[in-house]
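Student:
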């Protein structure tokens, strides 16, 4: 991830055999790792050159980072996009879409038959439509982004005052505190983070009423329900939790 040279090397050696590249545009399953623009452009360039598909996994980022997904936020266009979670309004649902050239292969227009027991489930569809409607508000994502940035800044300040070396990655509606002084740009950077320190931090936050993802490698998710009171309470708890995490380490 984020390694253009490695990507080019793989395509140079195996390009003709590669059917598709599947990527999370913002790697939420390794915390929150934001891509370099050059990396995404390289995927688009190489998959087009070798007639492979560029598949974008937006199950986490779709409608969270932007109404058009992370692809609209970051400015690229994949061939196929997968979606889930947020479009169901809490009910199980998934979706995919792509270019006309690809979707014309799907029945009833094309020969590839795809169906599921819950496909088009009326309850899930109604919940999904109700969930997506508020996202059309022009100010919605600006508010979520502002909340995310305020939390990030407050956590960085609290960590600095506690003497905790952290890297905080953030994207609209997503945030991760890595216990490492180094930038986290890929899996290797995430794996060197101090997971024991994060575990101490997690439990200290839980004791103060803040329930975070228990894994270092899961991103925090913010929503429109979070505002100044929630951000303030989280930062206040973190100021103490960072101290506890560092004291226990010593």
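Numbering (the working numbering), first residue to last: 4 to 253.
Where is the CB? At the ideal position from N, CA and C, for every residue including glycine.
(1) Across the stretch 106-113 and the stretch 65-80, are there enough close Cβ pairs to call them in contact, namely three or more that are closer than 8 Å?
(2) Would residue 118 be called buried (16 or more neighbouring beta carbons within 10 Å of its own) or exposed?
(3) Take residue 240 and list the residues in its own chain whose beta-carbon comes closer than 6 Å to its own, dropping the five residues that flank it on each side.
(4) With 16 as the cutoff for other CB atoms within 10 Å, does residue 219 come out buried or exposed?
(5) Curious, which full-length alpha helix (DSSP H) runs of at least 4 residues does the stretch 43-120 contain?
(6) May I ask you to list the residues that DSSP assigns as paired with residue 221?
(7) Mapping DSSP to helix, strand and coil, what is residue 172?
(8) Using DSSP with H/G/I as helix, E/B as strand and the rest coil, what is residue 1?
(9) For residue 151, name the three-state secondary structure that DSSP assigns.
(10) Grab me the residues of residue 253's own chain with a C-beta within less than 6 Å of its C-beta, minus the 5 sequence neighbours each way, in chain order.
(11) If you follow the beta strand (DSSP E) that residue 178 is in, where does it begin and where does it stop?
(12) DSSP on residue 214, reduced to helix/strand/coil?
(13) Quick one: what does DSSP say residue 191 is sitting in, helix, strand or coil?
(14) Can you tell me which of the three DSSP states residue 201 falls into?
Tutor: The relevant details are as follows:
(1) no
(2) exposed
(3) 208, 211, 213
(4) buried
(5) 72-77, 103-106
(6) 34
(7) strand
(8) Residue 1 is absent from the model: the chain starts at 4 and stops at 253.
(9) helix
(10) Residue placement at residue 253 is flagged as unreliable, the pLDDT there being 49, under the threshold of 50; a coordinate-derived value is accordingly withheld.
(11) 177-181
(12) coil
(13) helix
(14) helix
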